[in-house]
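Mapping to our numbering: the sequence shown position 188 is 203, numbers consecutive.
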Amino acid sequence: MRREKRRWARAKALGATLAIGVLISGAALPALNPVGGQAANASANASASASASISTAAEGTAQSYTAKAGIRAQIDPRGNFSATTPEEIKETRSRAAAAAVAAGMPLSSAMDIPLAGRIVMPMADGTYSFTDGFGASRPGRSHLGQDFAAPIGTPINAAMKGCVSRSTESYQGYGVTIQIESIVNGQAVSTVYSHMTYGSRAVEVGDCVEEGQYIGDVGSTGYVFGSCLHFEVHINTVAVDPLPWLKKNVS
């Protein structure tokens, strides 16, 4: 009996101790866990919400972004190339044109030559005067073009739409020269602009120009007396008198 009473007393004491421990834990933990739990949950919820918002915003932006037609570069390569940007197209076209010209092939073998719908004088009215014409005597040959006498630095323009097959600071006796290829009334027409000022060339081989576009300045380079633009017209590789041709075709 005594042993039973002692066991019972020990059990009651242990139970009381546990009960007190539970009360202490119950009083202490609610003050720590719920707030911490809410903060953690709030933080987790906020992170999830922010993440969801960012994701939604990003997805919304990605889904709604469309390049407008108004801001797209309008590229006309005048040839078949795999390049896509204007810089790539220009570089590829220039390389192909330079390779064709270096190989003695026509520019049309590397790119499509555009049709010239309008023809203009290569210099503005009032900026020049005609001097030596087609057929004038030259040592060992005849003059193949028309000279437009003008002060050094006077602007020179492309007479028609076309693509550049030659652009050089020195071409035989022509000095600084640009040559442009065009199609006029179904015929291959080459126009040559010579004796230009050093460093004034505004176009390179492979570039395509519009009629009236500035290409360089009058100079006195090469075999020439005084400053002028030497202008030639070749139809199907045969030189013709530029002056009557211009008078007939200039719009």
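Virtual Cβ for every residue (Gly too), placed ideally from N, Cα, C.
From a predicted model like this one, the values you see are computed outputs, not experimental measurements.
Indicate the three-state DSSP secondary structure (helix, strand or coil) for Y229 in the structure shown.
Locating residue 229 in the sequence shown gives position 214, where the first residue counts as 1. Of the three classes helix, strand and coil, the one that applies to Y229 here is strand, per DSSP.
Tell me A164's beta-bridge partners as DSSP assigns them.
As a first step, residue 164 must be located in the sequence shown, where it is residue number 149. S144 and C243, per the DSSP bridge assignment.
R133 burial status per 10 Å Cβ neighbour count (16 or more: buried)
To locate residue 133, count along the sequence shown from 1; it is residue 118. The residue is exposed, with fewer than 16 neighbouring Cβ atoms inside 10 Å.
Out of E102, E103, T100 and M126, which one is the CA nearest neighbour of A111?
To locate residue 111, count along the sequence shown from 1; it is residue 96. For the residues E102, E103, T100 and M126, the minimum Cα distance to A111 belongs to M126.
Identity of the residue in V199, V191 and V218 nearest Y238 by Cα
The count along the sequence shown starts at 1 and reaches residue 238 at position 223. Ranking the options by Cα distance to Y238, first place goes to V191.
Residues near E184 by beta carbon distance below 7 Å, same chain, minus five either side
As a first step, residue 184 is located in the sequence shown; it is residue number 169 there, counting from the start. So the list reads V191 and Y213, once near-sequence residues are dropped.
Are the CB atoms of S157 and Y189 within a distance shorter than 8 Å?
Within the sequence shown, numbered from 1, the residue matching residue 189 stands at position 174. Within the sequence shown, numbered from 1, the residue matching residue 157 stands at position 142. Not in contact: Y189 and S157 (Cβ atoms no closer than 8 Å).
Just verifying my parser: in three-state terms, what is the DSSP assignment at N251?
As a working note, residue 251 is residue 236 in the sequence shown. It is coil, neither helix nor strand.
For a test of the three-state rule: what should DSSP assign to E184, helix, strand or coil?
In the sequence shown, the residue the question calls residue 184 occupies position 169. Coil at E184, not helix or strand.
Look at V218 and I193 and say whether their C-beta atoms are less than 8 Å apart.
Working through the sequence shown from its first residue, we reach residue 218 at position 203. Working through the sequence shown from its first residue, we reach residue 193 at position 178. Going by C-beta atoms, V218 is nearer than 8 Å to I193.
Name the DSSP beta bridge partners of E196, please?
In the sequence shown, the residue the question calls residue 196 occupies position 181. According to DSSP, E196 bridges with C178 and S205.
By Cβ distance, which residues of its chain are closer than 8 Å to G227, with the 5 residues on each side in sequence left out?
Here residue 227 refers to the residue found at position 212 of the sequence shown. So the qualifying residues of the chain are V135, N172 and A173.
List the residues that DSSP assigns as beta-bridge partners of N264.
Your numbering for residue 264 matches position 249 in the sequence shown. BP columns for N264 are empty, so no partner.
So what's L159 in DSSP terms, helix, strand or just coil?
In the sequence shown, residue 159 corresponds to position 144, counting from 1. The answer is coil: DSSP assigns L159 none of H, G, I, E or B.
From this set, K262, L159 and S144, which residue's C-alpha is nearest A151's C-alpha?
Mapped onto the sequence shown, residue 151 falls at position 136. Ranking the options by Cα distance to A151, first place goes to L159.
Since F149 and L244 should fall inside the 8 Å C-beta cutoff, what is the C-beta to C-beta distance between them, to a whole number of angstroms?
Along the sequence shown, one-based indexing puts residue 149 at 134. Along the sequence shown, one-based indexing puts residue 244 at 229. Not quite, the Cβ-Cβ distance comes to about 14 Å (not below 8 Å), so this is no contact.
Per DSSP, which residues does I134 bridge with? Please list them.
In the sequence shown, the residue the question calls residue 134 occupies position 119. Beta-bridge pairing links I134 to M175.
Sequence-distant residues of the same chain with beta carbon closer than 7 Å to V265, five excluded per side:
For the purposes of this step, residue 265 is identified with residue 250 of the sequence shown, where counting begins at 1. Closer than 7 Å at Cβ, skipping near neighbours: I134, V135 and M136.
Starting from V224, follow its DSSP beta bridges and name the residues at the other end.
Taking the sequence shown and counting its residues from 1, the one referred to as residue 224 is at position 209. Looking at the DSSP assignment, V224 forms a beta bridge with G177.
Nearest chain C C-beta to Y143 closer than 8 Å, yes or no?
Of the chains in the structure shown, none is chain C; there is only one protein chain.
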